[in-house]
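When the count follows the working numbering, it moves up by one through the sequence shown with no breaks and lands on 624 for the last residue.
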Amino acid sequence: MAMMDPATRSNAWTLAIGTYRGAKLVVACARQWIPQPGAPLSPSAVFGEMAPLLKAYGLDAVTTDQWSTDALRELANLAGIDLIEQAWNADRKTECYGALATRFAEGTIEVPLDPDLVDDLKMVKRRVTQEGVSIVLPERKHANGLKRHCDYA
């Protein structure tokens, strides 16, 4: 399985590739593309670099949220990648982050020691409000001065 969070201007475009080893979810690859100030990322170039990474893991598809999916799907297809859209709303976010927290608590997830990945996951906060539970993804800065919004999370 592969999941991405696309971004072109101020956040990193991230990709995580995972597999199962028994009951353990293993993040086998974590990759990010970081824009430079004044130089947005090219989605075509990112997909061009992503395709061989996916192929190395026997994959040809990546799941993404609904951000600009129609335009990205066409560019992904040109690189030989199928784009699978998964709606990302407050309920789905709470469900996914809850499952992730459970996996960490039970020791049924393994992540690479990528500093940005580890920091992004550590920064995710669960906030209880009168309306229910919400997930907060705090911002911090990239080394290049651009913001980082828990991009891997």
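Quick reminder that beta carbons are idealized off the backbone N, C-alpha and C, glycines included.
Residue range of the alpha helix (DSSP H) that includes residue i
| i | result |
| --- | --- |
| Met-521 | 514-527 |
| Ala-547 | 540-549 |
| Arg-598 | No alpha helix (DSSP H) holds Arg-598; the beta strand (DSSP E) holding it covers 596-600. |
For residue j and residue i, believed in contact at Cβ under 8 Å, the rounded distance
| i | j | result |
| --- | --- | --- |
| Ile-552 | Ala-522 | 6 Å |
| Glu-581 | Lys-495 | 6 Å |
| Ala-487 | Ala-478 | With 8 Å as the limit, Ala-487 and Ala-478 do not qualify as a contact, their Cβ atoms being about 14 Å apart. |
| Ala-483 | Thr-490 | Not quite, the Cβ-Cβ distance comes to about 23 Å (not below 8 Å), so this is no contact. |
| Ile-480 | Pro-514 | One detail in the question is off: residue 480 reads as Arg in this sequence, not Ile. Not a contact, Cβ separation roughly 12 Å. |
| Gln-537 | Glu-520 | Not really, about 23 Å apart at Cβ, beyond 8 Å. |
Beta-bridge partners of residue i, as assigned by DSSP
| i | result |
| --- | --- |
| Met-475 | Leu-486 |
| Gly-509 | Gly-509 is not bridged to any residue. |
| Asp-562 | According to DSSP, which records beta bridges pairwise, Asp-562 is partnered with nothing at all. |
| Tyr-491 | Leu-496 |
First through last residue of the beta strand (DSSP E) which encompasses residue i
| i | result |
| --- | --- |
| Leu-496 | 495-504 |
| Ala-532 | 532-535 |
| Leu-554 | 553-556 |
Buried or exposed (CB count within 10 angstroms, at least 16 for buried), residue i
| i | result |
| --- | --- |
| Pro-508 | exposed |
| Gln-503 | buried |
| Asp-562 | exposed |
| Lys-516 | Reading the sequence as shown, one finds Ala at residue 516 and not Lys. Exposed is the call here. |
Contact test: residue i Cβ vs the ligand FMN heavy atom, cutoff 7 Å
| i | result |
| --- | --- |
| Thr-565 | As far as ligands go, the structure on display features none, and thus does not contain the ligand FMN. |
message: Three or more C-beta pairs under 8 Å: does that hold for the segment 530-546 against the segment 575-592?
response: no
- prompt: Should the segment 547-567 be called in touch with the segment 522-537, which here means at least 3 C-beta pairs below 8 Å?
  reply: yes
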